[in-house]
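Take a look at the structure set out below.
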Amino acid sequence: MFVLGIESSCDETACAVVRNGSEVLGSVTAIQDHLHEAYGGVVPEIAARAHMQTILPVIEQALTEAKLTVPEVDVLAIANHPGLIGSLLVGLTTVKTLSVIFDKPVVAMNHLQCHLYANCLSMADHRPPDVGFPFVGLVVSGGHTSLVHATGWLDIDVIGSTHDDAAGEAFDKVAVVLGLGYPGGPAIERAACAGDPAAYKFPRSLMGRASLDFSFSGLKTSVLYTVRGHGGRKGLGPLSDQMRADLAASFQEAVVDTLVTKVLRAVEARGVGTVVLGGGVVANTRLRDKLTEATAKHGLTLHLPPRSLCTDNAAMVAGLGYPWARAGRFETLSLEAVPT
Ligand code: KG4
Ligand code: ZN
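Counting the sequence shown from 1 gives a position; the numbering used here is that position plus 1341.
Following this line, the structure appears as structure tokens:
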């Protein structure tokens, strides 16, 4: 079965064709970082306009890579929630139009679940593991930080989420405070390489025993106050490269500690032996290393997607579209884009 997937929930315009839920035949992603850089974050209106300009060329390119045409595709897949409404609508309208013109069935999935499915895709540098159920999943991206309990690809329950900022959003905002540029995650990771993760004591929030939720806004504010000063306390003044590196490393460590602690707690609470990660922040080497270490210590199986499939892409959408299509979960043309 050939599934053509489209992803446009935030600021990446992507299309991919995946065979039988695993083999990536073509995958193209147009990024918009240069359009949002000046604002230190994604501007919804700019994102939606850019999707409109790039979506058709991106689809054509993905089909060319896959050596297929739309009539040869079996199913169309779209991540219709959550995301920015204007961005989601561009992808959804395109999928509906293709569905009507070429008489193709449509499946629609949750973007966060697609991130977890990225582990099951076969790429040149990645042979897909057999991801066994049940598992505890953690999706850490620019828009979301969610812990889930999955018993099947169609049965995924959210068991913890962020009360405020997502982990990736905190990376992006702290990078602005440190003057490190956009997107913040890779910039902070690069700066942190030369820094001491114990140089500054930043808070780890909601660590009370029972909580599986997250909060990163206090951490972000703590970095801001440390740099700029607050309530009579002096800030650091002009930042040297070493100060930036130490701040970046200490911030990154606080995020990673929190994520690893919550994953282990969720695993214990649900009594499962498998952990599956997904989302842009999973490209972070410190997070990958500390999770690998912690899960090995507890005898758990860990699945990390290849770095190329951590940030938004359409292969993960076309991939998850396969089990959904096999289960007959097809949509009608009244399908809506759902921002939350
Ligand atoms: O999954 P994604 O592409 O988009 C959403 O669904 O939100 O994630 C983008 C987020 C951004 O906040 C970016 O700063 C973060 O992932 N990110 C990273 C790294 N690479 C991307 N965060 C930490 N370390 C990285 N290496
Ligand atoms: Zn995403």
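All C-beta atoms, glycine included, are put in the ideal place defined by N, C-alpha and C.
This one's a predicted model, so the numbers in the text were calculated from it and none came from an experiment.
Query	Result
Could you have a look at Cys1356 and say whether DSSP puts it in helix, strand or coil?	strand
Count the other CB atoms within 10 Å of the CB of Val1441; is the residue buried (16 or more) or exposed (fewer)?	exposed
Check whether the Cβ of Leu1429 lies closer than 8 Å to any Cβ atom in chain D.	Considering every chain present, this structure includes no chain D. It has just one protein chain.
Taking buried to mean at least 16 other C-beta atoms within 10 Å of its own C-beta, is Lys1603 buried or exposed?	buried
Whose CA, out of Leu1417, Pro1412, Ser1428 and Gly1367, lies closest to the CA of Asp1394?	The sequence as given places Gln at residue 1394; Asp does not occur at that position. Selected option, being the one with the closest Cα: Ser1428.
Just the C-alpha distance for Met1464 and Ala1508, rounded to the nearest angstrom, thanks.	27 Å
Should Asn1361 go down as buried or exposed, given a rule of 16 or more other Cβ atoms within 10 Å for buried?	exposed
Under DSSP, the beta strand (DSSP E) around Glu1348 begins and ends at which residues?	Phe1343 to Glu1348
Give a single yes or no on whether Gly1522 has its beta carbon closer than 7 Å to a heavy atom of the ligand SAM.	Ligands present in the displayed structure are limited to the ligand KG4 and the ligand ZN, and the ligand SAM is not among them.
Quick check on Glu1406: does DSSP put it in helix, strand or coil?	helix
Taking Glu1510 as part of the alpha helix (DSSP H), name the residues at either end of that continuous run.	Ala1508 to Val1518
Is Ala1586 closer than 8 Å to Ala1528 when the C-beta atoms are compared?	no
Within its chain, find whatever has a CB closer than 8 Å to the CB of Ile1332; leave out the 5 residues flanking it on each side and keep chain order.	Coverage of the chain is limited to positions 1342 through 1681, which leaves residue 1332 absent and any answer about it impossible.
Closest by CA to Ala1635, which one among Gly1522, Glu1609 and Val1436?	Glu1609
Considering only the beta carbon of each residue, do Gly1432 and Ala1403 sit closer than 8 Å?	no
By Cβ distance below 8 Å, which residues in the same chain neighbour Val1616 in space, the five residues on each side in sequence not counted?	Phe1476, Val1477, Gly1478, Leu1479, Val1604, Val1608, Leu1632, Thr1636, Leu1641, Thr1642, Leu1643 and His1644
Decide yes or no for the touch test of the stretch 1343-1361 against the stretch 1370-1388: beta carbon pairs closer than 8 Å, at least 3 of them.	yes
Specify whether the stretch 1411-1418 and the stretch 1371-1385 touch according to this definition: at least 3 beta carbon pairs, one from each stretch, less than 8 Å apart.	no
Whole angstroms is fine: what's the gap from Ala1449's alpha carbon to Glu1672's?	7 Å
Can you say whether Glu1510 is buried or exposed, counting buried as having 16 or more other CB atoms within 10 angstroms of its CB?	buried
If you run the structure through DSSP and keep just helix, strand and coil, what is Ala1420?	strand
Between Ser1363, Gly1501, Gly1621 and Phe1343, which has its C-alpha nearest Ala1551's C-alpha?	Gly1501
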